[in-house]
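Taking it in order: structure first as C-alpha cells, then the write-up.
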Ligand SMILES: [Zn+2]
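In this note's numbering, the protein residues as written are 47 to 246.
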C-alpha cells in the first residue's frame, strides 16, 4: 500500500483534474501542483470562475447551446442573421465554426447523432425544437453534421423532418473529409466547406 503524501483535498483535486479530456494522472498532478503553488493568482480565481460557471450554467431553451445566460449569447446577438440556422451535433462543433468565423447565423445543437444501437433516437436529441424553429424568418437550415456514417444518417433523418417548402435545407459538401469531425478541422477547411454548401 502506498503512503499518503497529501491531504484528501489535494488528492480529490488531482482525481478530478485527471477526469478532464487530455489530462492523464501525470498531467493532472502537474496541473494541481501549479495551482497549489499559485494560490492567489490562479487557484482562487479558477475556483471562483468554476463556481460562477456552475451556478449560472444552463442549456439555451432556443438552440441547446450551453451558456451562463439564457437565451444564450449567440441567440441574443441582434447582429446575427436570423434567416440561417446551422445545425451541429455538439457544442464543440459550434465552437469550431465560431473560431473559424464562418457563420453569421444562429445555431442549433442536437446533442449528438442518431444511434439506434445505443438507444439514441430523435427523442433523445434536440430535434423537435429544431423543427419548431424552422419557420420564417428562418429561410435556410444548414446541416453541419460530421461526415461520419452516423452524422450523415442523422442529416437524412432531419431532411425528412424539415418539410416546409419555404425553408431551404443545405449541407456542407466540399472540404469536409469522409469520417471528418468538425471539431478537428482547421479553419480554412471549415471556411471552404461553408462557402461550398449545397442543397440537400
Ligand atoms: Zn441559444
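Glycine is no exception: its CB is placed at the ideal position from the N, C-alpha and C atoms. No experiment lies behind these values; they were computed from the predicted model shown.
My parser needs the alpha helix (DSSP H) runs of 4 or more residues fully inside the stretch 47 to 131; what are they?
54 to 63, 71 to 83, 90 to 102 and 119 to 122
Considering only heavy atoms of ligand 1, does any lie closer than 7 Å to the CB of residue 137?
The residue given as residue 137 occupies position 91 in the chain shown. Residue 137 Cβ: outside cutoff for every heavy atom of ligand 1.
Less than 7 Å between the CB of residue 124 and some heavy atom of ligand 1, yes or no?
Along the chain shown, read from residue 1 onward, the residue named residue 124 stands at position 78. Residue 124: no, Cβ never under 7 Å from ligand 1.
Quick one: measure Cβ to Cβ for residue 191 and residue 133, integer angstroms, because I've assumed they're closer than 8 Å.
As a working mapping, residue 191 is identified with position 145 in the chain shown. As a working mapping, residue 133 is identified with position 87 in the chain shown. The pair is a contact, with the Cβ atoms about 7 Å apart (cut-off 8 Å).
Under 7 Å: does the beta carbon of residue 120 sit that close to some heavy atom of ligand 1?
For this step, residue 120 is matched to residue 74 along the chain shown. Residue 120 Cβ: within cutoff of ligand 1.
Cut-off 7 Å between Cβ atoms - residues of its own chain near residue 137, not counting five sequence neighbours on either side:
Along the chain shown, one-based indexing puts residue 137 at 91. If we look at residue 137 and ignore the five residues flanking it on each side, its Cβ neighbours are 111, 112 and 155.
Could you tell me whether any non-hydrogen atom of ligand 1 is closer than 7 Å to the CB of residue 144?
One-based indexing of the chain shown puts residue 144 at position 98. No.
Any beta strand (DSSP E) of 3 or more consecutive residues that is wholly inside the stretch 182 to 219
186 to 189 and 214 to 217
Would you identify the three-state DSSP class for residue 140, choosing helix, strand or coil?
Start at 1 with the first residue of the chain shown, and residue 140 comes out as number 94. The answer is helix: DSSP assigns residue 140 an H, G or I state.
I think residue 148 touches residue 218, with their Cβ atoms under 8 Å apart; what is that distance to the nearest whole Å?
For the purposes of this step, residue 148 is taken as residue 102 along the chain shown, with counting starting at 1. For the purposes of this step, residue 218 is taken as residue 172 along the chain shown, with counting starting at 1. With 8 Å as the limit, residue 148 and residue 218 do not qualify as a contact, their Cβ atoms being about 10 Å apart.
On the three-state DSSP scale, how would you describe residue 245?
Reading the chain shown from its first residue, position 199 is the one you call residue 245. Three-state DSSP puts residue 245 in a strand.
Residue interval of the alpha helix (DSSP H) (run including residue 177)
The count along the chain shown starts at 1 and reaches residue 177 at position 131. That run of the alpha helix (DSSP H) goes 174 to 179.
Any heavy atom of ligand 1 closer than 7 Å to the beta-carbon of residue 183?
Against the chain shown, residue 183 aligns to sequence position 137. No.
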